[in-house]
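Take any residue in the sequence shown, count from 1 to its spot, add 27: that is its number in this note's numbering. Note that CB positions come from ideal geometry on N, CA and C, so glycine has one too. Since the model is a prediction, treat every value here as computed from it, not as a measurement. Have a look at the structure below, then the notes.
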Amino acid sequence: MEIAEPLLAAHRARFAAVDALLPPAAPPADGERLDAATADGTRVTGVLQRQRFAPGDVPMLWSAADTWQLFPYFGATGTEGADLLLRALKGRLETEETGDDSACVVLWPSRDAEAIRAFLDHGLVPLSALGVRTAPPPEAVPGVTVRRAGPADYATALKLAEATFDYTGLVASPRRDNTAELLGPGLKRALAEDEPAVWLAEEDGETRAVAHCAWEEATPGNEAGELLQPGRWGYVNNVVTAPGERGSGFGRALMAHVHRELHRGGATRTYLYYNPTNPLSSVFWHRQGYRPLWTTWEVRPASGLR
Numbered sequence: 028m029e030i031a032e033p034l035l036a037a038h039r040a041r042f043a044a045v046d047a048l049l050p051p052a053a054p055p056a057d058g059e060r061l062d063a064a065t066a067d068g069t070r071v072t073g074v075l076q077r078q079r080f081a082p083g084d085v086p087m088l089w090s091a092a093d094t095w096q097l098f099p100y101f102g103a104t105g106t107e108g109a110d111l112l113l114r115a116l117k118g119r120l121e122t123e124e125t126g127d128d129s130a131c132v133v134l135w136p137s138r139d140a141e142a143i144r145a146f147l148d149h150g151l152v153p154l155s156a157l158g159v160r161t162a163p164p165p166e167a168v169p170g171v172t173v174r175r176a177g178p179a180d181y182a183t184a185l186k187l188a189e190a191t192f193d194y195t196g197l198v199a200s201p202r203r204d205n206t207a208e209l210l211g212p213g214l215k216r217a218l219a220e221d222e223p224a225v226w227l228a229e230e231d232g233e234t235r236a237v238a239h240c241a242w243e244e245a246t247p248g249n250e251a252g253e254l255l256q257p258g259r260w261g262y263v264n265n266v267v268t269a270p271g272e273r274g275s276g277f278g279r280a281l282m283a284h285v286h287r288e289l290h291r292g293g294a295t296r297t298y299l300y301y302n303p304t305n306p307l308s309s310v311f312w313h314r315q316g317y318r319p320l321w322t323t324w325e326v327r328p329a330s331g332l333r
């Protein structure tokens, strides 16, 4: 998809100015083009992509089955430009049949307050954030045993991993009936291999928390490189403390160990996804040194876009 060079340059300058941890803005996405103009005649452009997922697709854990994602290019026009592109998207969706399991999505740098104003005005909410941590690993927390998990821990790890969706289904994306089936294959592979790694926090021989993590190489042109600066990153995929044990320090002890292990593996920075609307994880991860870099703004169903 071709974007006018002045607009593309302004888009890249916006990203560079809004957050120093962002990588250079990715090339324009492919998709359907939406155009608009501000009051002074400045052209802005959006690229629209549609994704449909089947019930057995892993992205159904967090995504609507029918997703319309807007990639905005509004450069220096700020709130006005973002507003115009969302108005264009609303007009485009009025020509489509959108069901209950559908969504409009915009992934955007978390620190761009001018864009946030437009997202809120159009009914979008911040359902997911990519958080990053750049601090050195913390000291070990005494009193909690942390060990690598293996194939024999599958049932325990799956039960805990599934439990987090019972809670996030209340405060973020709705929980799917087949959550365990979607989680199982990836977890089983992780437990059977050296990498990615799964760690368990235990007390008195009982599992209190689980962390499923990996290493990620961000390079220009790959998927991770569009979101993160180049280098070796630790990826914290899923961390769960058993219901009834939350607030007891097991998650903190587990992550102190995990951060040291990821650092030992060559990752000086780590990232994860969390739900800003989750009153537990949004507090916990900030205390662990994470801060939002990208936020996914979403409205479900897609017809709810204002």
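When the Cα atoms are used, what is the spatial distance from G211 to L49? Within the sequence shown, numbered from 1, the residue matching residue 211 stands at position 184. Within the sequence shown, numbered from 1, the residue matching residue 49 stands at position 22. The straight-line gap separating the alpha-carbon atoms of G211 and L49 is approximately 33 angstroms.
For V45, which residues in the same chain have their Cβ closer than 8 angstroms to its Cβ, ignoring the five residues on either side in sequence? As a first step, residue 45 is located in the sequence shown; it is residue number 18 there, counting from the start. If we look at V45 and ignore the five residues flanking it on each side, its Cβ neighbours are P136, R138, D139.
Checklist line | Beta-carbon separation (whole angstroms), A238 vs V198, contact threshold 8 angstroms | finding: For the purposes of this step, residue 238 is taken as residue 211 along the sequence shown, with counting starting at 1. For the purposes of this step, residue 198 is taken as residue 171 along the sequence shown, with counting starting at 1. Between the beta-carbon of A238 and that of V198 there is about 20 angstroms, and that puts the pair past the 8 angstroms contact cut.
Report yes if the C-beta distance between E243 and W260 is below 8 angstroms; otherwise report no.
By 1-based counting over the sequence shown, the position of residue 243 is 216. By 1-based counting over the sequence shown, the position of residue 260 is 233. A contact, by the Cβ cut-off of 8 angstroms.
Does the distance from the C-beta atom of T94 to that of V132 stay below 8 angstroms?
Against the sequence shown, residue 94 aligns to sequence position 67. Against the sequence shown, residue 132 aligns to sequence position 105. Cβ atoms of T94 and V132: closer than 8 angstroms.
Measure the beta-carbon distance from G73 to P55 and round it to whole angstroms, keeping in mind my assumption that it falls under 8 angstroms. The residue labelled residue 73 in the question sits at position 46 within the sequence shown. The residue labelled residue 55 in the question sits at position 28 within the sequence shown. Actually they do not touch by this definition, with Cβ atoms about 10 angstroms apart.
Within this structure, are the beta carbons of L75 and L97 separated by less than 8 angstroms? As a first step, residue 75 is located in the sequence shown; it is residue number 48 there, counting from the start. As a first step, residue 97 is located in the sequence shown; it is residue number 70 there, counting from the start. Yes, Cβ-Cβ distance for L75 and L97 is below 8 angstroms.
Legend entry - Neighbourhood of A37 by C-beta distance below 7 angstroms, restricted to the same chain and skipping five residues each side: Position 10 of the sequence shown, counting from 1, holds the residue named residue 37. In chain order, G102, A103 place their CB closer than 7 angstroms to the CB of A37, counting only its own chain and leaving out the 5 sequence neighbours on each side.
> For the candidate residues A47, A92, A52, A115, whose alpha-carbon lies nearest to that of T65?
Replying inline: Sequence index remark: in the sequence shown, residue 65 carries index 38 (1-based). Of the candidates A47, A92, A52, A115, A115 places its Cα closest to the Cα of T65.
Note to self: Quick check: what's the CA-CA separation for D128 versus D231?
What the structure shows: Within the sequence shown, numbered from 1, the residue matching residue 128 stands at position 101. Within the sequence shown, numbered from 1, the residue matching residue 231 stands at position 204. D128 and D231: Cα-Cα distance of roughly 43 angstroms.
Between L157 and W324, how many whole angstroms is the CB-CB distance? I'm expecting something under 8 angstroms. Position 130 of the sequence shown holds residue 157. Position 297 of the sequence shown holds residue 324. About 13 angstroms separates the two Cβ atoms, so there is no contact after all.
task = Please classify E141: does DSSP put it in a helix, a strand, or coil?
result = Residue 141 sits at position 114 when you count from the first residue of the sequence shown. Of the three classes helix, strand and coil, the one that applies to E141 here is helix, per DSSP.
CA-CA distance, G292 and R79?
Position 265 of the sequence shown, counted from the start, is the residue given in the question as residue 292. Position 52 of the sequence shown, counted from the start, is the residue given in the question as residue 79. Rounded to the nearest angstrom, the two C-alpha atoms are 36 angstroms apart.
For W89, does the three-state DSSP call read helix, strand or coil? As a first step, residue 89 is located in the sequence shown; it is residue number 62 there, counting from the start. Coil at W89, not helix or strand.
Per DSSP, what kind of secondary structure is S129 in: helix, strand or coil? Position 102 of the sequence shown, counted from the first residue, corresponds to residue 129. Three-state DSSP puts S129 in a strand.
Next on the checklist: Threshold first: 4 residues or longer. Then list the alpha helix (DSSP H) segments lying entirely within the segment 233-316, N to C.
Outcome noted: 277-291, 308-314, all fully within the segment 233-316.
Original post:
What are the partner residues of E166, as DSSP defines its beta bridges?
Top reply: Within the sequence shown, the letter at position 139 stands for residue 166. E166 pairs with nothing; no bridge assigned.
Helix, strand or coil for A329, going by three-state DSSP, please let me know.
Against the sequence shown, residue 329 aligns to sequence position 302. In the three-state reduction of the DSSP assignment, A329 falls in the helix class.
**Report entry** Whole-Å CB distance - N265 paired with T191, under 8 angstroms assumed
**Finding:** In the sequence shown, counting from the first residue as 1, residue 265 sits at position 238. In the sequence shown, counting from the first residue as 1, residue 191 sits at position 164. With a Cβ gap of about 7 angstroms, N265 and T191 count as contacting.
Got a sec, what are the start and stop residues for the alpha helix (DSSP H) P33 sits in? For this step, residue 33 is matched to residue 6 along the sequence shown. P33 -> alpha helix (DSSP H) spans 32-45.
query = Grouping DSSP H, G and I as helix and E and B as strand, with all else coil, what is E208?
reply = The sequence position of residue 208 within the sequence shown is 181, counting from 1. Residue state, collapsed to three classes: helix.
query: Identify the residues that DSSP records as bridge partners of G108: which are they?
result: Sequence index remark: in the sequence shown, residue 108 carries index 81 (1-based). Beta bridge pairing from DSSP links G108 with no other residue.
Discussion item. Let me check understanding here. Comparing Cα to Cα, which of A109, H149, L34, W226 lies closest to A179?
Written reply: For the purposes of this step, residue 179 is identified with residue 152 of the sequence shown, where counting begins at 1. A179 has its Cα closest to that of W226, out of A109, H149, L34, W226.
TODO: Quick one: residues in its chain with C-beta nearer than 8 angstroms to the C-beta of F42, no 5 flanking neighbours on either side, listed in chain order?
DONE: On the sequence shown, residue 42 is found 15 positions in, with the first residue counted as 1. Listed in chain order, the non-local C-beta contacts of F42 below 8 angstroms within the same chain comprise L49, P51, A52, P136, local neighbours out to five positions each way being set aside.
### Task
Check the C-beta distance from A329 over to T125 and give it rounded, since I have them as a contact under 8 angstroms.
On the sequence shown, residue 329 is found 302 positions in, with the first residue counted as 1. On the sequence shown, residue 125 is found 98 positions in, with the first residue counted as 1. That pair is a contact at about 4 angstroms.
| Exposed or buried, what is H286 when buried is set at 16 or more other beta-carbons lying within 10 Å of its beta-carbon? | Translated into positions along the sequence shown, residue 286 becomes position 259. H286 comes out buried.
Are the CB atoms of A251 and A167 within a distance shorter than 8 angstroms? As a position in the sequence shown, residue 167 is number 140, starting the count at 1. As a position in the sequence shown, residue 251 is number 224, starting the count at 1. No, Cβ-Cβ distance for A167 and A251 is not below 8 angstroms.
*So, is V85 buried or exposed, given that buried needs 16 or more other C-beta atoms within 10 angstroms?*
Counted from its first residue, the sequence shown places residue 85 at position 58. Using a 10 angstroms sphere on the CB of V85, the tally of other CB atoms stays under 16, which defines it as exposed.
### Message
Considering only DSSP beta bridges, list what D62 is partnered with.
### Response
Walking along the sequence shown from the start, residue 62 turns up at place 35. According to DSSP, which records beta bridges pairwise, D62 is partnered with T72.
**OP:** Starting from T195, follow the alpha helix (DSSP H) in both directions and report where the run begins and ends.
**Re:** For the purposes of this step, residue 195 is identified with residue 168 of the sequence shown, where counting begins at 1. Judged by DSSP secondary structure, T195 falls within the alpha helix (DSSP H) whose first and last residues are 181-198.
So E230 is in the beta strand (DSSP E); what residue range does that whole segment cover? The residue given as residue 230 occupies position 203 in the sequence shown. 224-230 is the span of the beta strand (DSSP E), which, as asked, contains E230.
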